[in-house]
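Enquirer: Residue numbers (my numbering): 719 to 783.
For each residue, glycine too, the CB sits at the ideal point set by N, CA and C.
Let me begin by handing over the structure; questions about it come next.
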(Lines of atoms letter the chains of each structure in order from A and count residues from 1; the text may use other names and numbers.)
(Lines give C-alpha, C1' and ligand atoms only; values in the text may rest on other atoms or scores of the structure.)
Protein backbone atom coordinates (compact mmCIF):
# COMPACT_ATOMS: atom_id res chain seq x y z
CA UNK A 1 0.00 0.00 0.00
CA UNK A 2 1.19 3.55 -0.69
CA UNK A 3 2.07 5.64 2.41
CA UNK A 4 -1.09 7.81 2.35
CA UNK A 5 -3.31 4.75 2.08
CA UNK A 6 -1.37 2.98 4.86
CA UNK A 7 -1.84 5.92 7.19
CA UNK A 8 -5.56 6.28 6.47
CA UNK A 9 -6.24 2.56 6.96
CA UNK A 10 -4.24 2.55 10.20
CA UNK A 11 -5.70 5.75 11.67
CA UNK A 12 -9.31 5.15 10.62
CA UNK A 13 -9.41 1.41 11.25
CA UNK A 14 -11.23 0.83 7.97
CA UNK A 15 -10.72 -1.52 5.05
CA UNK A 16 -8.89 -0.54 1.92
CA UNK A 17 -10.28 -1.21 -1.52
CA UNK A 18 -6.93 -0.44 -3.13
CA UNK A 19 -5.32 2.38 -5.04
CA UNK A 20 -6.15 3.02 -8.66
CA UNK A 21 -4.32 5.29 -11.06
CA UNK A 22 -6.44 6.78 -13.79
CA UNK A 23 -7.60 10.01 -15.33
CA UNK A 24 -10.90 10.66 -13.59
CA UNK A 25 -13.52 13.19 -14.63
CA UNK A 26 -13.39 14.61 -11.09
CA UNK A 27 -9.62 15.11 -11.17
CA UNK A 28 -8.73 16.43 -14.64
CA UNK A 29 -5.04 16.81 -15.49
CA UNK A 30 -3.57 19.99 -14.04
CA UNK A 31 -0.12 21.21 -13.23
CA UNK A 32 -0.55 20.02 -9.63
CA UNK A 33 -1.22 16.42 -8.59
CA UNK A 34 -4.59 15.56 -7.09
CA UNK A 35 -6.02 12.77 -4.97
CA UNK A 36 -9.59 11.52 -4.81
CA UNK A 37 -10.37 9.82 -1.50
CA UNK A 38 -13.52 7.76 -1.09
CA UNK A 39 -13.95 7.44 2.66
CA UNK A 40 -17.22 5.57 2.48
CA UNK A 41 -20.11 4.73 0.23
CA UNK A 42 -23.61 6.14 0.65
CA UNK A 43 -25.01 2.82 -0.62
CA UNK A 44 -23.46 1.08 2.40
CA UNK A 45 -25.73 1.61 5.44
CA UNK A 46 -22.82 1.40 7.92
CA UNK A 47 -20.77 3.98 5.99
CA UNK A 48 -23.82 6.22 5.69
CA UNK A 49 -24.50 6.09 9.44
CA UNK A 50 -20.85 6.92 10.22
CA UNK A 51 -20.95 9.86 7.82
CA UNK A 52 -23.87 11.35 9.74
CA UNK A 53 -22.09 11.34 13.12
CA UNK A 54 -20.41 14.68 13.90
CA UNK A 55 -17.74 12.99 16.02
CA UNK A 56 -16.80 10.75 13.09
CA UNK A 57 -16.70 13.73 10.72
CA UNK A 58 -14.27 15.47 13.07
CA UNK A 59 -12.14 12.33 13.35
CA UNK A 60 -11.93 12.06 9.56
CA UNK A 61 -10.95 15.73 9.34
CA UNK A 62 -8.21 15.25 11.96
CA UNK A 63 -6.78 12.21 10.19
CA UNK A 64 -6.78 13.97 6.81
CA UNK A 65 -5.24 17.21 8.12
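Out of curiosity, what's the CA-to-CA distance linking residue 765 and residue 771?
Expert: 10 angstroms
Enquirer: Within its chain, find whatever has a CB closer than 6 angstroms to the CB of residue 777; leave out the 5 residues flanking it on each side and keep chain order.
Expert: none
Enquirer: For residue 726, is the classification buried or exposed, using 16 other Cβ atoms within 10 angstroms of its Cβ as the cut-off for buried?
Expert: Residue 726 is buried by the Cβ-count criterion.
Enquirer: Helix, strand or coil for residue 742? Go by DSSP, reduced to three states.
Expert: Here residue 742 carries a strand assignment [DSSP, helix/strand/coil].
Enquirer: Is residue 816 helix, strand or coil when you go by DSSP?
Expert: Residue 816 cannot be examined here, being either before or after the span of the chain that is shown, 719 to 783.
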